[in-house]
Every structure is written in structure tokens, then in C-alpha cells.
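Laid out in C-alpha cells, this is it:
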């Protein structure tokens, strides 16, 4: 048994000492969804700081705890505050929460984030369902010794974002009359925003949105057989598209403006899973 798998098992055992709740769906809250927990009938909370060896988010607006409970009678675990590669953690630590939620019982995962719009037809406030991703610009979370207990050495990535779950999101958006974009997301390392030249290159690659999370989590979840879907909130246009500098305050302001719509879409998706 690898040291990493032993570490994961230890984290799971610590959580199990605090709650025996078994989730069916995992949800990662990105920027703008930090208050989503008010939609949840919370049965247990486990702060990351109480889990030995667990990475802790250092980013403002990202709380650090697992929430266990029900959203519209669906048993869920919510990751309230993710950790990012740019915070200095190894990629294996960044995806620890995803792996732990899977080991706790979750079979499906909804990933959310704030992203920059690369597609010039997008505008701040749009919601985009992720249909595929590009992972070239960050290390693979599967690099190193394979965790055979979780998945195969060479996992297929043809359909990381499960077609059935994507159709659920489409139907949920249609039911709520929420305009929904679809596109390809690329993860960069951050914490700096990208240059205009990088954004032009991404557009040439077919990228629609850019961010600093999510892809590594999707890869880790796919590796262990979880069904994955993802939704990005386009909080700003990427560098060089508009004649203005980028700042995190704008990201937070737009995320706050559309959070009610975002929350409604997530809840309706959960109900239809």
C-alpha cells in the first residue's frame, strides 16, 4: 500500500470518527457559491483543520470544511473551500479532498468555479457547462506511483465530463429558463492572471474559459470512477479582450451578482441526478 493511500485512509478514518454520513453526490463550491450551504440540511461539519495531514485553503472567500447533509433529500458532501495548486501544495494534496469524498461514498461530483471568458461571445455573468478540458499547463494529479486501490495506471479521459450528467445540467437550465453556455475549460497554475498572448493562444486551441482549478479535480475523480460534471461562472473577460486590467475584486463582485441564479441551477441539477 502506498504512503499516499495510507494518508487518504487516515483522513477518512478521522472523518468517520466524527460522522457516519454516506453521501451520494459531492459538490465543490467555487467562488460565488460559498454561501450555498444555506440550501443544505446540514447533519455534520468537519473542518479541514481537524483532519491530520489535510491541506487548508489560504484564499479569502474559501472557507475550509466538509459539510454533510441533504439538498432536496439528496445525501451530499460539500467541499466548502477548495485548495489550489498556486497556494504551494503538491498536486496530490490539491486533489486529496476529491479522493476522500469518493472514498466516503460519493459516486458523482459537481465541480464549480469562477473563470475568465476566452470565448469573445461570452460576457461576465454567463454560466458555462464544461464539456471538456485542457490539462497541459498544470502537472497531472496522477503523476508518480499509481494508487491501484483507486484506479488504473492509464485512465481513459475521452469523457471526463459524463454525457448523462451534462444532459441533466442542460435540462435543469432549460427548466429554470437559465441561459447556459457550453465550452472547454483550461486550468493554468496561477496565481497570476494570463497574458494577452496566452489568451490568444488558448483561443486558437479552442478554449472557451480559463481558470486556476477544477481540471486536476476532474482528472482525479475520473481516475477513481466517479461521474463528473462542471459549471463555470464567467466572472471576467480574460486578458487582452477588454482594455482594462484584471483584478480579483471584479471576480468576487460578478460572482456575488449571479450567485442566486448559480445556486438555483446547482440545486435543480442535484434534484435531477
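Residue numbers (full-length UniProt numbering): 1 to 273. Idealized CB from N, CA, C, for every residue including glycine.
Practice task
Would you tell me roughly how many angstroms separate the C-alpha atoms of residue 332 and residue 241, rounded to the nearest one?
Solution key: Lying outside 1 to 273, the shown extent of the chain, residue 332 is not represented and no answer is given.
**Q.** Classification of residue 243 by the beta-carbon crowding that lies within 10 angstroms, buried from 16 upward
**A.** exposed
inquiry  = For residue 126 and residue 175, I'd like the C-alpha separation in whole angstroms.
reply    = 17 Å
Simplified DSSP assignment, three categories, for residue 47
strand
*asked:* Please classify residue 99 as buried or exposed, where buried requires at least 16 neighbouring CB atoms within 10 angstroms.
replied: buried
task: For residue 150, I'd like the list of residues in its chain whose CB is within less than 7 Å of its CB, leaving aside the five on either flank, ordered along the chain.
output: 99, 223, 224
Please report the residue range of the alpha helix (DSSP H) in which residue 5 lies. 3-18
Classify residue 134 as helix, strand or coil using the three-state DSSP reduction.
strand
What number of angstroms, rounded off, separates the C-alpha of residue 154 from the C-alpha of residue 35? 37 Å
| query | When the Cα atoms are used, what is the spatial distance from residue 190 to residue 273? | reply | 32 Å
Taking C-beta to C-beta, are residue 84 and residue 212 nearer than 9 Å? yes
Residue 256 versus residue 32: straight-line alpha-carbon distance, rounded:
5 Å
Looking only at its own chain, which residues have a Cβ that is under 8 Å from the Cβ of residue 138, when we skip the five neighbours before and after it? 85, 91, 187, 188, 189, 215, 216
- Task: Tell me whether the beta-carbon of residue 109 lies closer than 9 Å to the beta-carbon of residue 229.
- Result: yes
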